[in-house]
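Below: the structure, in structure tokens.
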């Protein structure tokens, strides 16, 4: 027996394969492991879309609120302040005060101002709309990520997919309730608005329609706890959640959970100004379009902090404060695709595919041994090494193993022996031609090489395309197939060649072609 | 053990007409099925919802149907057993965009009272995503075929490339026909199966082509038909063996791999059989019919070798500082 470089590389590859696949096989704590895909371990996969046009609307609304605040603060009399999809308009009563707005408008980015005598109309520039929409997407990704990071699952995935889609993957969700909670946390707009109750007309709210309210610049909102209770509030909010700096869960005197929030300096100032002016009136705390409380204002409130009380459970209050803290979604999100797999189904899939893998593996191994005898054993060693290397490479890269990925491994078992079949057939042919054992082996490998390379490269082309164009679980199939093919070239071409070279003198001496190659003569 | 010992050459090309007629009939039949019955697109491509439900006892399909009746959301719902009597899938053409309460939640609510069950899987694919996946899927098939075409043309000759593509189209058409015939849901996994068939069938074809190439370049025989016959005969043992091992594993996957992997395994099962057949009886005869001229190829090869030699000579001279 002689050592040669091929057998050394083969041995190293086997050692590499075994040692790096062990952490995954034994599920040990240390070392890099293969991640199980959502379809195998259970979890939630969602592709979310963003209603970007809503971001523009809310931008318009917030500019309107600041115009209102600016004119109130500087005692400028304006009339007919209103807004629609992409336009704000109002009239300045005193022509002399028109110029006061110039500086104010300069501070607002991306607006177009059209003045017609004393009436002013504002709109966002097309570039600003695009910018706002883009920001809405980035902000949504950032916000959802922040929220999920605080949710308590390990390694949530939140990523942009394509131009305007958001991919969310949550592995290890155990129950329906947990999934529900996660979905609520993700989708919650968490838009906090402080709004003034229209006390002059409030008594008539139950007899008003939405369009009646709109005529007065009001809107009708319902109570969060009891939908039959209605409030008539001014449409332009006093301030919104954008000025929120912190939110946390607390408890009231009766030990019921509530949410404490803090406003930034600008918010605190606006809040202080408003409460100072509106003593005796009510302030509605509105979250996602529903009124949570509408306390009476007893005095000017400085310091910029407040509370939202509701019939919360501790869990709800906690999730809500997470949502408020991570910021509101600038635009609502909606679901484009959802795949949710329960952990029990994942476990069943693992079981079934393992049965298929082991079954196929045993069949192939027995078949190769019966057909090729010792040559079959050598091919089987290569096959086993191939599997270990495949697992090792996947572990090293932290690749994700999906159900189609498992199918890819099963298929690799069937196709990886192909190279050795080709080689063995070539060697058999050369032995029949009466070549010496040395020549038969060397020429057998040389002849088989081209075919194996060409055949594998074309399969690889198909796998790469599948990886590039496939989505989700299918990518896993492409990964295992590609690595399997590459590993099979190493083990089948180089590895077994080394084994034959090492054993060559023995094979020659034994003169037993039946034992070694399963043929007569 | 030996299946085929090479003692004499089988006359495959003599039978090629018969094989061609068979192939044409089967392919046409596949297209007929595709046109009349059509492909049964699953949620991945058509959009819609799949809800997989497992009951503690046998699933009460009748009661489930009654529970879903009346609600327009479930108008298109079909309920079918999935692998075992206690497990079913509900397929719907509708999807929903709401995140907190989606159509899967609605289904669970509607089924309340039909027994103790667990929702094990919910797949919802909205129309835009479905259309996108379809587009991407078709694109990937074309790209794979194109990539392979270029590679084979580069490594062999254009006629080899065209012949192998014809064989691939043959295989994929028949596989699709079978998928349509058995009403299998066409989802991403079936597409992956088709792409795998591309790779696998080509694998087989290339092993045969490699022999033909070897026979053409090394042998003295210039009769292409004879070269093909000899090449196919000599690779017959390998073709059979590899097909068998692959068939074994795909078959175990089909039998034991679980219900979810079924469509994928089915596609492959068809592909392995058809792919093996096509590499012998479709790809090679086409090569013959395209009039691949061995003598001409020899001349070309000689010319190419001469040019290479001249280039090398120039390079040597250049390196030697003569020019």
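Residue numbers (the numbering used here), protein chains in the order written: chain A, 2 to 522; chain B, 100 to 422.
Backbone N, C-alpha and C fix where the C-beta goes; we use that ideal spot for every residue, glycine too.
Could you please tell me which residues of the region 311-342 of chain A, in chain order, have their CB closer than 8 Å to any CB of chain B? Of all residues in the region 311-342 of chain A, 334, 335, 336, 337, 338, 339, 340, 341 and 342 have a Cβ within less than 8 Å of some Cβ in chain B.
Taking the beta carbon of residue 46 of chain A as the centre, do at least 16 other beta carbons fall within 10 Å, making it buried, or is it exposed? The C-beta of residue 46 of chain A has 16 or more other C-beta atoms within 10 Å across all chains shown, which makes the residue buried.
Does the beta carbon of residue 514 of chain A come closer than 9 Å to any beta carbon on chain B? False, the Cβ-Cβ gap to chain B never drops below 9 Å.
At least one CB of chain A closer than 9 Å to the CB of residue 403 of chain B: is that the case? No - not a single Cβ of chain A is within 9 Å of the one on residue 403 of chain B.
The region 243-254 of chain B: positions lying closer than 8 Å to chain A by Cβ: Result list: 243, 246, 247, 250, 251 and 254.
Looking only at C-alpha atoms, which of A:395, A:501 and A:436 sits nearest to residue 485 of chain A? Residue A:395 is the option with its Cα nearest to residue 485 of chain A.
Can you give the beta carbon distance from residue 303 of chain A to residue 268 of chain A, rounded, assuming they're within the 8 Å contact cut? Taking C-beta atoms under 8 Å as the contact rule, residue 303 of chain A and residue 268 of chain A fail to qualify, at a distance of about 12 Å.
Can you list the residues of chain B that residue 184 of chain A reaches, using a CB-CB cut of under 7 Å? Here the neighbours are 198 and 199.
In the DSSP assignment, the beta strand (DSSP E) including residue 178 of chain B goes from what residue to what residue? Annotation: the continuous beta strand (DSSP E) that includes residue 178 of chain B extends over 177-181.
Residues bridged to residue 262 of chain A by DSSP? Per DSSP, the beta-bridge partners of residue 262 of chain A are A:248 and A:307.
With a threshold of 9 Å between beta carbons, is residue 284 of chain B in contact with chain A? No - not a single Cβ of chain A is within 9 Å of the one on residue 284 of chain B.
Which residue wins for smallest C-alpha separation from residue 149 of chain B, given the options A:370, A:342, A:429 and A:149? Minimum Cα distance to residue 149 of chain B is reached at A:342.
CB residue 353 of chain B to CB residue 361 of chain B, shorter than 9 Å? Using a Cβ distance threshold of 9 Å, residue 353 of chain B and residue 361 of chain B count as a contacting pair.
What three-state label does DSSP hand residue 411 of chain A in the structure shown? Note: residue 411 of chain A maps to helix in three-state DSSP.
Rounded distance between the beta-carbons of residue 239 of chain A and residue 195 of chain A, thought under 8 Å: At roughly 5 Å, the Cβ-Cβ gap stays under 8 Å, so residue 195 of chain A and residue 239 of chain A are in contact.
Out of B:306, B:308 and B:328, point me to the one whose CA is closest to residue 107 of chain B's CA. In this structure, B:328 is the residue among B:306, B:308 and B:328 with its C-alpha nearest to the C-alpha of residue 107 of chain B.
To the nearest angstrom, report how far apart residue 237 of chain A and residue 205 of chain A are at their CA atoms. When rounded, the distance between both Cα atoms is 20 Å.
Can you tell me whether residue 148 of chain B is helix, strand or coil according to DSSP? Note: residue 148 of chain B maps to strand in three-state DSSP.
Once DSSP output is grouped into helix, strand and coil, what is the label at residue 35 of chain A? In the structure shown, residue 35 of chain A sits in coil (DSSP, three-state: anything other than H, G, I, E or B).
To which residues does DSSP link residue 292 of chain A through a beta bridge? Beta-bridge pairing links residue 292 of chain A to A:224 and A:287.
Would a check of beta-carbon distances place residue 299 of chain B closer than 9 Å to chain A? It does; some Cβ of chain A falls within 9 Å.
Go through its chain and collect everything with a Cβ distance to residue 214 of chain B's Cβ below 8 Å, but skip five positions before and after it. Contacts found: 154, 155, 156, 158, 159 and 162.
Please list, in chain order, all residues of the same chain as residue 19 of chain A whose beta carbon is under 6 Å from its beta carbon, the five residues on each side excluded. If we look at residue 19 of chain A and ignore the five residues flanking it on each side, its Cβ neighbours are 389.
For a minimum of 3 consecutive residues, which ranges assigned as the beta strand (DSSP E) are wholly contained in the region 169-232 of chain B? Every unbroken stretch of the beta strand (DSSP E) spanning 3 or more residues and falling wholly within the region 169-232 of chain B is given here in chain order: 177-181, 183-191 and 216-224.
Mind pulling the chain B residues with CB within less than 7 Å of residue 451 of chain A? Going along chain B in sequence order, the residues near residue 451 of chain A (Cβ under 7 Å) are 309.
Sort A:332, A:113, A:69 and A:87 by Cα distance to residue 80 of chain A and report the nearest one. The residue among A:332, A:113, A:69 and A:87 with its C-alpha nearest the C-alpha of residue 80 of chain A is A:69.
At the level of alpha carbons, what is the spacing between residue 437 of chain A and residue 429 of chain A? Their backbone Cα atoms lie some 11 Å apart in a straight line.
Runs of 4 residues minimum, wholly inside the region 337-422 of chain A: which ones carry the alpha helix (DSSP H) assignment? Whole alpha helix (DSSP H) segments, 4+ residues: 344-373 and 375-397.
Alpha-carbon spacing of residue 463 of chain A relative to residue 353 of chain A, whole angstroms: For residue 463 of chain A and residue 353 of chain A, the gap between their C-alpha atoms comes out near 26 Å.
Going along chain C in order, which residues have a C-beta closer than 9 Å to the C-beta of residue 185 of chain B? As a matter of chain content, chain C is missing from the structure shown, whose protein chains are A and B.
Less than 9 Å between CB atoms is the rule here; does residue 135 of chain A satisfy it with respect to chain B? Not an interface residue.
When you check each C-beta in the region 317-344 of chain B against every C-beta of chain A, which residues fall closer than 9 Å? Within the region 317-344 of chain B, the qualifying residues are 333, 334, 336, 337, 340, 341, 343 and 344.
So residue 520 of chain A and residue 432 of chain A are in contact, right, with Cβ under 8 Å, and what is the actual spacing, rounded? A Cβ-Cβ separation of about 7 Å places residue 520 of chain A in contact with residue 432 of chain A under the 8 Å criterion.
In angstroms with no decimal places, state the Cα-to-Cα distance between residue 381 of chain A and residue 415 of chain A. Cα-Cα distance, rounded: 11 Å.
Give me, in chain order, the residues of the same chain whose beta-carbon lies closer than 8 Å to that of residue 305 of chain B; leave out the 5 immediate sequence neighbours on both sides. Excluding five sequence positions before and after residue 305 of chain B, the CB atoms of its chain that fall closer than 8 Å to its own CB belong to 251 and 263, given in chain order.
Distance check for residue 445 of chain A and residue 358 of chain A, CA to CA, integer angstroms please. Spanning the two alpha carbons is a distance of roughly 30 Å.
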